[in-house]
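Comments concern the structure below.
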Amino acid sequence: MTDKVDQKTRSRIMAKVPSKDSTPEMMVRKRLHSEGFRYRVHCKDLPGTPDIVLPKFHVAIFVNGCFWHGHNCSHFRKPDTNSDYWSSKIERNRCRDIRNEKELRELGWRVYTIWECALEEGVCQLLGVLEKGLLDPLNE
């Protein structure tokens, strides 16, 4: 399927997609807050600048969009136009995600990725883990 808009318009549309405070991220934050969890956002002092950090539990959360992070789901479809660029871009994003997760784990962080396509399911799973006490708060 070819793009229905010209390259300039497509570029303008893609540039408006937020990298922070996206709708899925805000939904996760709202749900965590309503359940009583307190967190920090966009922690630049951690590898990969996690979207949400629960310091008490040593948990880093990434809320990933299926397109930008190349999730293997029905929501992901590579664009037909400029496909070499997008293939390369998405592969770099995947490699960066793997590297950041590895670095965080080496620093002792528990890392969770919640995918846009499974937002509610991902949040429920994370809350279940936290609420069951499987993640003991670190001694302060």
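Heads up: the sequence shown at position 13 corresponds to 12 in numbering that gives the first Met the number 0, and the numbers run straight through without jumps. Using N, Cα and C, we set each Cβ at its ideal position, and we do this for glycine too.
Boundaries for residue 84: no beta strand (DSSP E) harbours it, while the alpha helix (DSSP H) harbouring it runs 82–105, taken from the DSSP string. Bridge pairing for residue 111: 60 [DSSP]. In this structure, 109 is the residue among 26, 99, 85, 109 with its C-alpha nearest to the C-alpha of residue 54.
The C-beta distance from residue 56 to residue 129 rounds to 6 angstroms, short enough to fall under 8 angstroms. Collapsing the DSSP output to three states places residue 39 in a strand. Here residue 45 carries a coil assignment [DSSP, helix/strand/coil]. At the C-beta level, residue 103 and residue 31 stay beyond 8 angstroms of one another.
The C-beta distance from residue 85 to residue 77 rounds to 6 angstroms, short enough to meet the 8 angstroms contact threshold. Counting of Cβ neighbours within 10 angstroms places residue 107 among the exposed residues, the total staying below 16. Shown here for residue 70: same chain residues with a beta carbon closer than 6 angstroms to its own, the five before and five after excluded, namely 114 in chain order. Here the alpha carbons of residue 90 and residue 120 stand approximately 26 angstroms from one another.
It is roughly 9 angstroms from the alpha-carbon of residue 20 to the alpha-carbon of residue 41.
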